[in-house]
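**Q**
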Amino acid sequence: MALRTIRTEGDPVLHKISRPVKEMTPKIRTLIFDMLDTMYEAMGVGLAAPQVGILKRIVTIDIGEGPIVLINPEILETSGEQTGDEGCLSVPGMAGQVTRPDYVKVKALDENMNEVIYEGTELLARAFCHEIDHLDGKMYTELVEGDLHRVTYDEDEE
Ligand code: ZN
Numbered sequence: 006m007a008l009r010t011i012r013t014e015g016d017p018v019l020h021k022i023s024r025p026v027k028e029m030t031p032k033i034r035t036l037i038f039d040m041l042d043t044m045y046e047a048m049g050v051g052l053a054a055p056q057v058g059i060l061k062r063i064v065t066i067d068i069g070e071g072p073i074v075l076i077n078p079e080i081l082e083t084s085g086e087q088t089g090d091e092g093c094l095s096v097p098g099m100a101g102q103v104t105r106p107d108y109v110k111v112k113a114l115d116e117n118m119n120e121v122i123y124e125g126t127e128l129l130a131r132a133f134c135h136e137i138d139h140l141d142g143k144m145y146t147e148l149v150e151g152d153l154h155r156v157t158y159d160e161d162e163e
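Residue numbers (my numbering): 6 to 163.
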């Protein structure tokens, strides 16, 4: 396992469309473990493969309830609306207001290529939308209402 470099805004890879994963390989398995490591190390709640420079439809998420791995995720259903601060490991130290659905149902494959269905509300619904957008080359900054603002993380406080 290893940490990967998180690409930041300005890197063209963040605006490209990722390709579906056709089969699990040792290389992809390693990528998934590296993405989880990289996400935890950066204290993020989600990471998409293009953020580490790999154009494959793979997402990792952990909102504090354990890791979720989504391969070739598809949003099946959304409802409601929530507006709140959103940030991205590729736009470090910044956040902005984004409106997202308040409920999202996702179909994907897990790391064993078995079909999984997840339903998320609040932060998890937001994370599903944000990370799946990355697979289509979309950044949350395109959706921000008003200006981005600086954020200070708890870890910086004494
Ligand atoms: Zn992001």
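From the three backbone atoms N, C-alpha and C, an ideal C-beta is built for every residue, glycine too.
Locate the beta strand (DSSP E) running through tyrosine 108, then write down its first and last residues.
**A** By 1-based counting over the sequence shown, the position of residue 108 is 103. Its beta strand (DSSP E) spans residues 108-114.
**Q** What is the C-beta distance between alanine 53 and histidine 139, in whole angstroms, given that I count them as a contact (C-beta under 8 Å)?
**A** In the sequence shown, counting from the first residue as 1, residue 53 sits at position 48. In the sequence shown, counting from the first residue as 1, residue 139 sits at position 134. That pair is a contact at about 3 Å.
**Q** Between the Cα of alanine 113 and the Cα atoms of Val18, His20, Pro25 and Val50, which residue gives the shortest distance?
**A** Locating residue 113 in the sequence shown gives position 108, where the first residue counts as 1. Closest by alpha carbon: Pro25.
**Q** Using C-beta distances below 6 Å, list every residue in its chain close to valine 57, excluding the 5 sequence neighbours before and after it, in chain order.
**A** By 1-based counting over the sequence shown, the position of residue 57 is 52. Hits under 6 Å: Arg9.
**Q** Below 8 Å on the Cβ atoms is my guess for phenylalanine 38 versus isoleucine 80; work out the distance and round it to an integer in Å.
**A** The residue given as residue 38 occupies position 33 in the sequence shown. The residue given as residue 80 occupies position 75 in the sequence shown. That pair is no contact at about 25 Å.
**Q** Can you check which of these residues, Thr146, Met44, Asp42 and Val109, is closest to alanine 100 by C-alpha distance?
**A** The residue labelled residue 100 in the question sits at position 95 within the sequence shown. Of the candidates Thr146, Met44, Asp42 and Val109, the one whose C-alpha sits nearest the C-alpha of alanine 100 is Thr146.
**Q** On the CB-based measure, 16 or more other CB atoms within 10 Å of its CB, does proline 72 come out buried or exposed?
**A** Your numbering for residue 72 matches position 67 in the sequence shown. Flag for proline 72 reads exposed.
**Q** Consult DSSP for methionine 99 and reduce its assignment to one of helix, strand or coil.
**A** As a first step, residue 99 must be located in the sequence shown, where it is residue number 94. Methionine 99 falls in the strand class under three-state DSSP.
**Q** In this structure, does DSSP put leucine 19 in helix, strand or coil?
**A** For the purposes of this step, residue 19 is taken as the residue at position 14 of the sequence shown. DSSP places leucine 19 in helix when its eight states are reduced to three.
**Q** Between valine 121 and aspartate 115, is the Cβ-Cβ spacing less than 9 Å?
**A** What you label residue 121 is simply residue 116 of the sequence shown in a count that begins at 1. What you label residue 115 is simply residue 110 of the sequence shown in a count that begins at 1. Yes, Cβ-Cβ distance for valine 121 and aspartate 115 is below 9 Å.
**Q** Is DSSP giving arginine 12 helix, strand or coil here?
**A** For the purposes of this step, residue 12 is taken as residue 7 along the sequence shown, with counting starting at 1. In the structure shown, arginine 12 sits in coil (DSSP, three-state: anything other than H, G, I, E or B).
**Q** Curious, which full-length beta strand (DSSP E) runs of at least 3 residues does the segment 35-82 contain?
**A** Fully enclosed beta strand (DSSP E) runs of 3 or longer: 51-53 and 63-66.
**Q** Between which residues of its own chain and valine 149 is the CB-CB distance below 7 Å, once the five residues before and five after are set aside?
**A** Position 144 of the sequence shown, counted from the first residue, corresponds to residue 149. Gly101, Gln102 and Val103, listed in sequence order.
**Q** Return yes when the C-beta of histidine 20 is under 8 Å from any heavy atom of the ligand ZN, and no when it is not.
**A** Position 15 of the sequence shown, counted from the start, is the residue given in the question as residue 20. Not so, every heavy atom of the ligand ZN lies at least 8 Å from the Cβ.
**Q** Does DSSP classify threonine 30 as helix, strand or coil?
**A** The residue labelled residue 30 in the question sits at position 25 within the sequence shown. Looking at threonine 30 - three-state DSSP - the assignment turns out to be coil, as it is neither helix nor strand.
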